[in-house]
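The block underneath contains the structure these notes are about, expressed in structure tokens.
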Ligand SMILES: C[S@@+](CC[C@H](N)C(=O)[O-])C[C@H]1O[C@@H](n2cnc3c(N)ncnc32)[C@H](O)[C@@H]1O
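Residue numbers (the numbering used here): 56 to 370.
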């Protein structure tokens with residue numbers, strides 16, 4: 056694989072999307088995750104307005120600073136070795152059968168909640184091995200576009216191979232769900248499944264999904280968490296004894312209520328997983344004073360980092 060497949064458009068590029076359409080410039084909706092400034096290509100890297108440089112590895116931009124990823128997120132990444140990533144799909148399929156579910160049916164139903172139209176641009180946050188990609192591709196078709204982000208390079212390796220087999224353009228970005236490297240109002244829908252409970256900052260992660268979705272877009276975000284009814288059943292008690300993650304409940308207190316409307320709570324996988332579904336409010340809320348202050352601090356840090364000191368040595 057070439058380093059920057061979007062510089063040309065050959066058979067090898069099949070399965071990658073925006074980057075592969077002969078464009079030399081960086082897609083306009085990619086942003087520096089720290090400060091939000093635009094990015095430009097410089098040789099084989101992407102460079103922010105403040106001079107921060109991001110690597111592109113095997114055609115995938117790494118839009119994050121490892122040193123800024125929360126300790127808990129970094130620690131959890133250790134469980135996603137290449138061996139684990141290779142086994143993940145099989146284990147999940149077996150797990151779903153054990154609780155009486157057919158996984159593909161669950162995924163199709165979850166993707167259906169996004170109400171995607173052909174031609175839509177959809178973001179999957181924490182794409183993992185890309186198990187949802189075929190269902191997303193089925194909905195947005197060849198005129199649509201899928202952007203897929205994850206923190207784990209091992210998991211993304213599996214997703215990348217899967218994406219290459221799809222007719223829909225798919226682009227991958229390595230990044231952190233709590234600082235998404237995309238401009239506001241960029242996507243027609245956002246999907247997240249399976250990482251939310253353990254994100255270092257769940258409030259910020261959900262706020263980011265809302266920020267990058269355009270007004271009116273549907274966001275679906277879910278993870279392990281038994282319904283109250285399921286907790287009282289034999290299956291519920293069994294799941295709780297086998298995997299402590301099922302103890303989680305839908306994180307209602309982390310939802311950015313001011314920026315959303317039409318909230319619905321859905322259950323999936325025999326009520327072992329919650330799915331939060333909502334629309335982004337018609338008008339994008341104006342940033343608060345606090346948001347503006349945070350933005351200024353981030354920009355200043357970014358400038359300081361670009362001005363001197365080794366990469367990633369700020370925190
Ligand atoms: C259980 S897997 C779910 C994968 C996939 N969404 C699915 O439906 O099978 C959780 C994923 O969340 C990713 N993840 C964990 N923390 C993350 C973070 N801070 N930012 C982005 N992805 C993260 C992991 O790397 C992993 O691929």
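The C-beta atom is built at its ideal place from N, Cα and C for all residues, glycine as well.
- Residue 153 has its Cβ no nearer than 7 Å to any heavy atom of ligand 1.
- Sequence-distant Cβ neighbours of residue 305 in its own chain, meaning closer than 7 Å and more than five residues away, are 280, 320, 329 and 331.
- For residue 322, the secondary structure class from DSSP, reduced to helix, strand or coil, is strand.
- Contact check between the region 230-244 and the region 192-207: three or more CB pairs, one atom from each, fall below 8 Å, which counts as touching.
- By the 16-neighbour rule on beta-carbons within 10 angstroms, residue 298 is exposed.
- Of the other Cβ atoms in all chains shown, 16 or more fall within 10 Å of the Cβ of residue 263; this residue is therefore buried.
- Note on geometry: alpha-carbon atoms of residue 286 and residue 256 lie some 26 Å from one another.
- The beta carbon of residue 182 is closer than 6 Å to those of 203, 205 and 214 in its chain, skipping five residues each way along the sequence.
- For the pair residue 282 and residue 322, the CB atoms are nearer than the 8 Å cut-off.
- DSSP, reduced to helix, strand and coil, places residue 101 within a strand of the structure shown.
- Collapsing the DSSP output to three states places residue 159 in a helix.
- Partner residues in a beta bridge of residue 263, as assigned by DSSP, do not exist.
- Not one heavy atom of ligand 1 lies closer than 7 Å to the C-beta of residue 193.
- The Cβ-Cβ distance between residue 147 and residue 166 does not fall below 8 Å.
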